[in-house]
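The block underneath contains the structure these notes are about, expressed in structure tokens.
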Amino acid sequence: MRISILGLGYVGSVAAACLARDGHQVIGVDADPVKVEHINRGASPILEPGLSELIAAGRRNGRLTATLDPDYAVRDTSLTFISVGTPSGEDGSLSLGYVSRACNQIGQALAEKPDFHVVVTRSTVLPGSVRNVVIPTLERASLKRAGIDFGVCVNPEFLREGTAISDFDNPPKTVIGATDSRSAEMLKRLYAHLNAPLLVTPLAVAEAVKYADNAWHALKIAFANEIGAICEKAGVDAQAVMDVFCHDLKLNISPAYLRPGMAFGGSCLPKDVRALNHFARGMNVETPLLGSILAANDRQIERHLSAVESPGNRRLGFLGISFKAATDDLRESPVLRMIDSLHERGYAIKIYDPWVSVASVQGANRSYIRNELPHILNMLTDDLQEFMDHAETVVIANRSPLYRGVLKKIGRNRSVVDLVNVVPQCRRCCIYPNNSSGLHNGQATAVAV
Ligand code: NAD
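Counting from 1 along the sequence shown, just add 13 to a position and that's the residue number in the numbering used here.
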């Protein structure tokens, strides 16, 4: 392919050298003449192991060149990567100044170019940036339409400085958001040789995933350091603790607990997070990250409450109240907290949960409910018809597959609030009336949070 790359910093110069090595014809563009001059004499503009050798090879075989002229570079290629910087503004906002300037330059070149061209945002940009800034700027400058006259993709970069070439060749995944399938296909061909999952997504998902990744990486480091600080103060070998921690590929280093949905609860997580924070405080170890976990969970419960209240119905039906499916343990169930709060606000509530039926609530749970939340006993019903007759809004509050069957029976004019993504269609949308599955008889609306 003939590829231009705007921005020859850490991301752009590595991509330029690697793509030239892979057999593509690459024109790199930078606003900084020093970087352009470096590449044209076969040297690396940045310090990165192995990069000088690749750039020198690209210059020798004539597949890599650099210029200050974006117009020439775009017109002479069919695919343009934007890998300019996206620095922080003073208030922490993302600055898209370099990106818009690059788009303006690319757009002006596209105005004079008859063939279809694909513009790929490789820079890290927040969700909505491509729809609200990249595409309008390109369209204004080119007087052409995105998705028709030219394509736009989002293709985040996952390399790490110091191992950038190896990371370019072995990414954890390749993510492609695209305005049209022709553009997505072009990028898919470019990366077809990589041994990594290739995921084609909507534009905003491709933008957001890079932020989810980086926030997660930062969170992991801060978490390990807080656990380390607590262990050190308590005289425990923190490296040994985290070594054992990392051996758990089922619950710790795994997709477990990584889907947005219900707040956490139950007899262990709240209690143990509380105790760990108390333990840290007792030793004067500051743990702002661990200390924020319960507050973050409370905030999620408030979001759930808003979702339940948003359809405006006064008669609510909860499918499931235990903190997870197929258990009758109600200790610190976030759903019970929600119900309690909604009850105080005057909502009429029925609860249907085969694992926590009127007949079966007993022992510790019965006394827990009787002491802590006595009004809950009157809300529980084993009679599905009674539940259905009552509920104007049905709230799905745990992931039991049983409730799919219940949902099939839901008739017209009833709202469904899915807090746990048990209804697959809810995952990607907020409100989906008239879905084709017939799940809601085409009338009920569902709100996923
Ligand atoms: P950088 O600052 O090293 O390089 C950006 C380059 O763009 C500079 O050389 C600058 O002169 C050039 N530039 C600015 N405007 C230009 C224009 N209109 N035309 C041509 N060149 C222009 O930045 P970087 O570290 O390579 O990061 C680029 C983007 O990639 C950022 O959004 C960053 O967040 C993201 N990213 C960086 C890394 C990393 O490890 N550095 C990893 C993944 C993603």
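Ideal Cβ positions, reconstructed from N, Cα and C, are used throughout, including at glycine.
Beta-carbon spacing of residue i, residue j below 8 Å
i: residue 330; j: residue 403; result: yes
i: residue 276; j: residue 306; result: no
i: residue 196; j: residue 165; result: yes
i: residue 33; j: residue 63; result: no
i: residue 1; j: residue 136; result: Since the displayed the chain opens at 14 and closes at 462, residue 1 lies outside it and no answer follows.
i: residue 304; j: residue 433; result: no
i: residue 336; j: residue 376; result: no
i: residue 140; j: residue 217; result: yes
i: residue 21; j: residue 41; result: yes
i: residue 120; j: residue 154; result: yes
i: residue 370; j: residue 353; result: no
i: residue 405; j: residue 427; result: yes
i: residue 212; j: residue 168; result: no
i: residue 79; j: residue 53; result: yes
i: residue 170; j: residue 24; result: yes
Minimum C-alpha distance to residue i - residue among the options
i: residue 349; options: 360, 169, 293 and 334; result: 334
i: residue 368; options: 325, 310, 412 and 362; result: 412
i: residue 393; options: 362, 188, 421 and 124; result: 362
i: residue 17; options: 327, 84 and 289; result: 84
i: residue 359; options: 119, 205 and 326; result: 326
i: residue 77; options: 155, 154 and 15; result: 15
i: residue 146; options: 220, 345 and 171; result: 220
i: residue 228; options: 167, 302 and 283; result: 302
i: residue 124; options: 230, 399 and 87; result: 87
i: residue 183; options: 204, 192, 232 and 198; result: 204
i: residue 177; options: 251, 29 and 235; result: 29
i: residue 82; options: 107, 44, 55 and 113; result: 44
Near the ligand NAD: residue i beta-carbon under 7 Å from a heavy atom
i: residue 83; result: yes
i: residue 151; result: no
i: residue 173; result: yes
i: residue 192; result: no
i: residue 66; result: no
i: residue 48; result: yes
i: residue 137; result: yes
i: residue 96; result: yes
i: residue 79; result: no
i: residue 44; result: yes
i: residue 121; result: no
i: residue 103; result: no
i: residue 99; result: yes
i: residue 124; result: no
i: residue 73; result: no
i: residue 19; result: yes
Check: residue i C-beta below 7 Å from any heavy atom of the ligand SAM
i: residue 427; result: The ligand SAM is not part of the structure shown, which contains the ligand NAD as its ligands.
> Where are the beta strand (DSSP E) runs, 3 residues long or more, that stay fully inside the region 353-430, in chain order?
Replying inline: 361-365 and 406-409
> Of all the alpha helix (DSSP H) runs that stay within the bounds of the region 40-74, which reach a length of 4 or more residues?
Replying inline: 46-53 and 64-73
> Would you say the region 121-135 touches the region 146-163, given that touching needs at least three Cβ pairs under 8 Å?
Replying inline: yes
> In chain order, which beta strand (DSSP E) runs of at least 3 residues are fully inside the region 254-322?
Replying inline: Fully enclosed beta strand (DSSP E) runs of 3 or longer: not present.
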